[in-house]
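Q: For the sequence shown, the residue numbers in mature numbering (1 follows the signal peptide of the UniProt record, and there is no 0) are -17 to -1, 1 to 242.
One structure follows; several queries about it will come next.
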Amino acid sequence: MGVMRTAGGAVRMAAMAAATVFLVAGCGAGGEDGRDGKGGRGAEGDGAGARPHPGGSAGGGPEAAHSAGVPGVGAALRARIPAATRQVVAVYGAGPNSPDATVVLYEKGANGWDRKGSWPAHNGRRGWTLDHHEDDQRSPVGVFSLTDAGGVLPDPGARLPYTRAAAFTPPAYWSKNTRHDFDYVVAINYNRVVGASPLDPTRPQGQSKGGGVWLHLDHGSGTSACVSVAKSAMAALLRALDPARHPVVVMGDRAHLSG
């Protein structure tokens, strides 16, 4: 199967025979309840061989930024935002057991974090968790880098490397209202190989910790672990997220975020 992967106007072709297998078997079965099939597939950590931090991490340690000013983000998660980060996608969950959320894009400027956009969103249908496992129907709380994108549709002008492939299409047995969920996606770096296509099925910390947690299109209800927004919001995020600004997602219910 051929896929097109673009970054900054460069195009490369690669064979990804496992891509369809990943979407059908690796994301979980989407049923008539409208589940997105992303299947609670997350795990703490940020890349191959990374070990979990409580609440996840995209950085931490001496490199972490004390990024005061991201609204609603307390010291625990703030300390895990890398010092180089200049873009934050904040996902504010309505409650620990709620599927409803708001996504806000912030960019760091001379006077602190500027709000660039805000959109209604959904997260895991059972809410949030600090200890995510496969099929728990909850989204992982934490800070995770954003490095790779893709989808069924042509690249809308993404700055992140973008893989276009029919393999993103959900299988026919999923609910009809999920058919366009993966027209645009951004992989959340949660038990996955950073720098690989979102279709890469590798889970460095094992199957039980899940994987395949994405930002993707909304189908009007909670997901299995992903964060979903409207198509226009996904297109806006894809055009805005800039690898030179080291974007991360900071995600969780408001109580966990502020802790």
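Just so it is clear, CB atoms sit at the ideal spot from N, CA and C, and this is done for glycine as well.
Bear in mind the structure is a predicted one, so any value in this text is a computation, not a measurement.
1) State the Cα-Cα distance for the pair Arg147 and Gly133, rounded to the nearest angstrom.
2) Counting Cβ pairs closer than 8 Å, one from the stretch 171 to 182 and one from the stretch 129 to 144, do we hit at least three?
3) Can you give the Cα-Cα distance for Met234 and Val126, rounded to whole angstroms?
4) Taking 8 Å as the cut-off, does the stretch 157 to 167 touch the stretch 85 to 94 (at least 3 CB pairs, one atom from each stretch)?
5) Per DSSP, what are the beta-bridge partners of Gly76 in this structure?
6) Identify every run of the alpha helix (DSSP H) within the stretch 211 to 236, keeping only runs that are complete inside it and at least 4 residues long; order them along the chain.
7) Please classify residue 249: is it buried, with 16 or more other beta-carbons within 10 angstroms of its beta-carbon, or exposed?
8) Considering Cα atoms alone, identify which of Met217, Val196 and Gly100 is closest to Ser180.
9) Count the other CB atoms within 10 Å of the CB of Pro103; is the residue buried (16 or more) or exposed (fewer)?
10) Nearest to Val71 by alpha carbon, out of Gly57, Val87 and Asn80?
11) When the Cα of Val124 is compared with those of Leu182, Ala218 and Leu60, which residue comes out closest?
12) Would you give the residue range spanned by the alpha helix (DSSP H) that Leu60 belongs to?
13) So, is Ala58 buried or exposed, given that buried needs 16 or more other C-beta atoms within 10 angstroms?
14) List the whole-angstrom C-beta distance separating Asn106 from Gly76, where the pair is believed to meet the contact cut-off of C-beta under 8 Å.
15) Consult DSSP for Ala170 and reduce its assignment to one of helix, strand or coil.
16) Could you tell me if Thr185 is buried or exposed, where buried requires 16 or more neighbouring beta carbons within 10 angstroms of its beta carbon?
17) Roughly how many whole angstroms lie between the Cα atoms of Ser211 and Arg69?
A: Put simply:
1) On the sequence shown, residue 147 is found 164 positions in, with the first residue counted as 1. On the sequence shown, residue 133 is found 150 positions in, with the first residue counted as 1. For Arg147 and Gly133, the distance between alpha carbons rounds to 5 Å.
2) yes
3) The sequence position of residue 234 within the sequence shown is 251, counting from 1. The sequence position of residue 126 within the sequence shown is 143, counting from 1. Approximately 7 Å, taken between the alpha carbons.
4) no
5) Here residue 76 refers to the residue found at position 93 of the sequence shown. Looking at the DSSP assignment, Gly76 forms a beta bridge with Ala84 and Asp236.
6) 214 to 223
7) Only positions -17 to 242 of the chain appear in this structure, which leaves residue 249 out of reach.
8) Numbered from its first residue, the sequence shown carries residue 180 at position 197. Nearest of Met217, Val196 and Gly100 to Ser180, Cα basis: Val196.
9) As a working mapping, residue 103 is identified with position 120 in the sequence shown. Exposed, because fewer than 16 other Cβ atoms sit within 10 Å of the Cβ of Pro103.
10) Numbered from 1 along the sequence shown, position 88 holds the residue referred to as residue 71. Nearest C-alpha to Val71: Val87.
11) Along the sequence shown, one-based indexing puts residue 124 at 141. If we check each option's Cα against that of Val124, Leu60 comes out closest.
12) For the purposes of this step, residue 60 is taken as residue 77 along the sequence shown, with counting starting at 1. Counting along the chain, the alpha helix (DSSP H) containing Leu60 begins and ends at Ala58 to Arg61.
13) Indexing the sequence shown from 1 puts residue 58 at position 75. Classification for Ala58: exposed.
14) Locating residue 106 in the sequence shown gives position 123, where the first residue counts as 1. Locating residue 76 in the sequence shown gives position 93, where the first residue counts as 1. At roughly 5 Å, the Cβ-Cβ gap stays under 8 Å, so Asn106 and Gly76 are in contact.
15) Taking the sequence shown and counting its residues from 1, one reaches residue 170 at position 187. Strand.
16) On the sequence shown, residue 185 is found 202 positions in, with the first residue counted as 1. When all chains shown are included, Thr185 counts as exposed.
17) Numbered from 1 along the sequence shown, position 228 holds the residue referred to as residue 211. Numbered from 1 along the sequence shown, position 86 holds the residue referred to as residue 69. Using only the alpha carbons, I get a separation of about 22 Å.
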